[in-house]
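Quick note on numbering: my numbering labels position 229 of the sequence shown as 229, and the sequence is numbered without any gaps.
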Amino acid sequence: MRRNAISRAAGLAAALCTAIVGTGPAARSDEIRTSTMGNCSIALPDRDNQLNPYDFGRNPAYLISDFEDAWVRLAFSLSEDQGGLKRPYDPQLQNDARATFQGRKRLSDRQATAGFFRYERLWQREQRYSLEGDPYNDPFYLTDRTTGDLKHWGPVMAVDYSLRLGDRAAIGAGLDYEISTGLKDYYTRPEIVHNYARGNFGLILQPRRAWLVGFIVRPERLQNRTNFDKADEGYDNIIYRYSGDGIYEIRSFSSYTLKELGHGTELAVQNFVMTGRLGIGAALSYRYADNSIRYNITTPEEVGYWQDETVDFRLLARYTPRSFPIVFGLSGRTMNQDGWAKRPRFDRVLLYDNPIRLRSIGAGASWHVAPAKLTVAADYVLNSYDIEANDYGANAFREQEFVQNIGRLGVEYAAYDVYAVRAGVEVTDYLADRWLKLPVNTDRYRFSAGASYQMHWWRVEAELLYARNTTEASGYEDLQRRNLSGIVWFTRLER
Numbered sequence: 001m002r003r004n005a006i007s008r009a010a011g012l013a014a015a016l017c018t019a020i021v022g023t024g025p026a027a028r029s030d031e032i033r034t035s036t037m038g039n040c041s042i043a044l045p046d047r048d049n050q051l052n053p054y055d056f057g058r059n060p061a062y063l064i065s066d067f068e069d070a071w072v073r074l075a076f077s078l079s080e081d082q083g084g085l086k087r088p089y090d091p092q093l094q095n096d097a098r099a100t101f102q103g104r105k106r107l108s109d110r111q112a113t114a115g116f117f118r119y120e121r122l123w124q125r126e127q128r129y130s131l132e133g134d135p136y137n138d139p140f141y142l143t144d145r146t147t148g149d150l151k152h153w154g155p156v157m158a159v160d161y162s163l164r165l166g167d168r169a170a171i172g173a174g175l176d177y178e179i180s181t182g183l184k185d186y187y188t189r190p191e192i193v194h195n196y197a198r199g200n201f202g203l204i205l206q207p208r209r210a211w212l213v214g215f216i217v218r219p220e221r222l223q224n225r226t227n228f229d230k231a232d233e234g235y236d237n238i239i240y241r242y243s244g245d246g247i248y249e250i251r252s253f254s255s256y257t258l259k260e261l262g263h264g265t266e267l268a269v270q271n272f273v274m275t276g277r278l279g280i281g282a283a284l285s286y287r288y289a290d291n292s293i294r295y296n297i298t299t300p301e302e303v304g305y306w307q308d309e310t311v312d313f314r315l316l317a318r319y320t321p322r323s324f325p326i327v328f329g330l331s332g333r334t335m336n337q338d339g340w341a342k343r344p345r346f347d348r349v350l351l352y353d354n355p356i357r358l359r360s361i362g363a364g365a366s367w368h369v370a371p372a373k374l375t376v377a378a379d380y381v382l383n384s385y386d387i388e389a390n391d392y393g394a395n396a397f398r399e400q401e402f403v404q405n406i407g408r409l410g411v412e413y414a415a416y417d418v419y420a421v422r423a424g425v426e427v428t429d430y431l432a433d434r435w436l437k438l439p440v441n442t443d444r445y446r447f448s449a450g451a452s453y454q455m456h457w458w459r460v461e462a463e464l465l466y467a468r469n470t471t472e473a474s475g476y477e478d479l480q481r482r483n484l485s486g487i488v489w490f491t492r493l494e495r
């Protein structure tokens, strides 16, 4: 219940450990080139994939130094995700439509700003039992005994501002905000109102010419409210209130309200050493968040409490040899995430325990073949996971240790600074599901293709993506899940 499914501003740790049941929509408009080239990112130089505190950690203070050209962008995207290879409460079919306006502008020699506004419609079709946008982000969830469609509508927006204080210092601030309303079209017809805000405050110091140190503070606040009114059929509403998979209460009422309040803070330290041919960036973050689930508005009763704590360290290094048009890259990550839940009426008994350990190493290379106007990039990432999902109320204890391999390959043909054609493939074996409710040996195959055309100060770009999840797990052999998505965007450069 921490966030509904249309949220995209989750913390660094949550983004990796959330289950990858589908493949999501096409690239965000600040990941255009890398997404189309198979998600290659370790060694592929790109204007939105540079080794600096803004692109590698979104420190708003560095935006003024990351600035190249002012631009505005309008983007439209569609995505469809469907298939039976899913967890029990995931929708059978999901459609996502977005319209995005994005821009970046220099206000003066010392100030710059960037931001976006996106309106989104998320349509979760054939949603079995679940009465939430995302029932798989903590152990508390609501169900009824019907299958219907859930539609979520609402805007998502973000803005960053940077101010250079001097030659060796800069500060920045930003805000992420989301609000949406979701409705189920069939009894019990809940209304789900989602509201999320996160601040983003940064500081950059430059002790030496090739050395940067960054500091980030991100407070966040979540409020979700689920309202039930008397059904049009004249029946009372009957819902099931779950605490884990084994403990539930059956509630019957004409009208009812669930409210969920969450607060959290993320603290991060960045360190970058950048010489002419070698760049090394490191980020260490700590995130704490808790969530209180309450019923009834007039006399709130807390029935669930969830706490999540994450320590995350990431490393990225790139080296460019003197005599070759090649960039080599190396990435690393270590993350410890601990989540646990209790019921306040039984606060001496642990309801749920969910520790996650991730160790990751990756390598990549990109080669620019100037005579042929080609750029070729390849990545390989090895992730080692240790995940436990201990549901004490259901007496269910799941544990998996597995190695995840990710291979990526991308190719781009660009001619005369006018047009470019791109394609890529990404293969992932053993998708990671935080709750271990998806077969651990589920594999994903992602194929992407796109093109861009520059006309004076306008650039038009497009991406088409197809992905398929498959598994050989017993009982799931004939099941798959497919995703088809596309995005087109128009960028106006201002120089």
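Beta carbons: idealized from backbone N, C-alpha and C, even for Gly. Keep in mind it's a predicted model, so treat the numbers as computed, not measured.
Exercise. What residues match up with N195 in a beta bridge as DSSP calls it?
Worked result: I179, Q223
Problem set entry | R164, buried or exposed, once every other Cβ within 10 Å from all chains shown has been counted against 16 | buried
Exercise. Are I361 and D379 closer than 9 Å when you measure CB to CB?
Worked result: no
For this session: Note the first and the last residue of the continuous beta strand (DSSP E) segment covering D149.
Result: 140-166
Exercise. Expressed to the nearest angstrom, what Euclidean distance is found between the alpha-carbon atoms of L44 and R33?
Worked result: 10 Å
Problem set entry | the segment 303-310 touching the segment 336-347, judged by at least three CB pairs closer than 8 Å | yes
Exercise. Under a Cβ-count criterion, where at least 16 other Cβ atoms within 10 Å of its own Cβ denotes burial, should D90 be classed as buried or exposed?
Worked result: buried
For this session: Determine the burial state of T181: buried for a count of at least 16 other Cβ atoms within 10 Å of its Cβ, exposed for fewer.
Result: exposed
For this session: Indicate the three-state DSSP secondary structure (helix, strand or coil) for P53 in the structure shown.
Result: coil
For this session: Find out if the Cβ-Cβ distance for the pair L142, T265 is shorter than 9 Å.
Result: no
For this session: Name the two residues that bound the continuous beta strand (DSSP E) containing I32.
Result: From DSSP, I32 is part of no beta strand (DSSP E) but of the alpha helix (DSSP H) over 32-36.
For this session: Buried or exposed for A288, please, with buried defined as at least 16 other CB atoms from any protein chain shown within 10 angstroms of its CB.
Result: For clarity, residue 288 is Tyr in the given sequence; the question names Ala instead. Exposed, since its Cβ has fewer than 16 Cβ neighbours within 10 Å.
Exercise. Taking C-alpha atoms, which residue in A169, R118, R125 lies nearest to S65?
Worked result: When each option's Cα is compared against that of S65, the closest is A169.
For this session: Please look up how many angstroms separate the CB atoms of V156 and E191, rounded, as I've assumed it's under 8 Å.
Result: Between E191 and V156 the Cβ distance is about 19 Å, and since that is not below 8 Å, they are no contact.
Problem set entry | Close-in-space but distant-in-sequence residues of the same chain around L351 (CB under 7 Å, 5 per side omitted) | P139, S243, G244, A341, K342, R343, Y392, G393
For this session: For K373, count neighbouring Cβ atoms within 10 angstroms of its own Cβ and tell me buried if that reaches 16, exposed if not.
Result: exposed
Problem set entry | Cα-Cα separation, R28 to S252 | Below a pLDDT of 50, predicted positions are generally treated as unreliable, and R28, at 46, falls in that range; no measurement from the model is reported.
Exercise. Going by the beta-carbon positions, is the gap between A158 and Y187 smaller than 9 Å?
Worked result: no
Exercise. Skipping 5 residues on each side, what residues in its chain have a beta carbon closer than 6 Å to that of A282?
Worked result: Excluding sequence positions up to five before and after A282, its CB lies within less than 6 Å of the CB of N271, L315, all in the same chain and listed in chain order.
Problem set entry | Distance between P53 and E126 (C-alpha atoms, nearest Å) | 42 Å
For this session: Identify whether S65 lies in helix, strand or coil by the three-state DSSP scheme.
Result: helix
For this session: Leaving aside the five residues before and after I179 along the sequence, list all residues of the same chain whose C-beta is less than 6 Å from its C-beta, in chain order.
Result: G154, N195
Exercise. Under three-state DSSP, which class holds R345?
Worked result: helix
For this session: Taking 8 Å as the threshold, find out whether the segment 107-124 comes into contact with the segment 62-81 through three or more Cβ pairs.
Result: yes
Exercise. Which residue from R106, L85, E80 puts its Cα closest to that of N95?
Worked result: E80
Problem set entry | Residue from G276, I293, R208, W211 whose Cα sits closest to the Cα of E260 | I293
For this session: Write down every uninterrupted run of the beta strand (DSSP E) in the segment 429-491 whose length is 3 residues or greater and which is fully enclosed by it, in chain order.
Result: 442-455, 458-471
Exercise. Which stretch, first to last residue, makes up the beta strand (DSSP E) that contains D46?
Worked result: No beta strand (DSSP E) contains D46, which DSSP labels as neither H nor E.
For this session: Can you grab the Cα-Cα spacing for the pair R468 / L330, in whole Å?
Result: 28 Å
For this session: For Y235, count neighbouring Cβ atoms within 10 angstroms of its own Cβ and tell me buried if that reaches 16, exposed if not.
Result: exposed
For this session: Indicate whether the contact test is met: 3 or more Cβ pairs, each with one atom in the segment 415-426 and one in the segment 448-457, closer than 8 Å.
Result: yes
For this session: Could you check the C-alpha separation between D46 and G38 for me, to the nearest Å?
Result: 14 Å
Problem set entry | Option in T375, I42, N483 with minimal Cα separation from R318 | I42
Exercise. To the nearest angstrom, how far is it from the Cα of D160 to the Cα of L203?
Worked result: 13 Å
For this session: Compute the distance between the beta-carbons of T471 and D443, then report whether it is under 9 Å.
Result: yes
For this session: Mind checking which residues open and close the beta strand (DSSP E) that includes G264?
Result: 256-274
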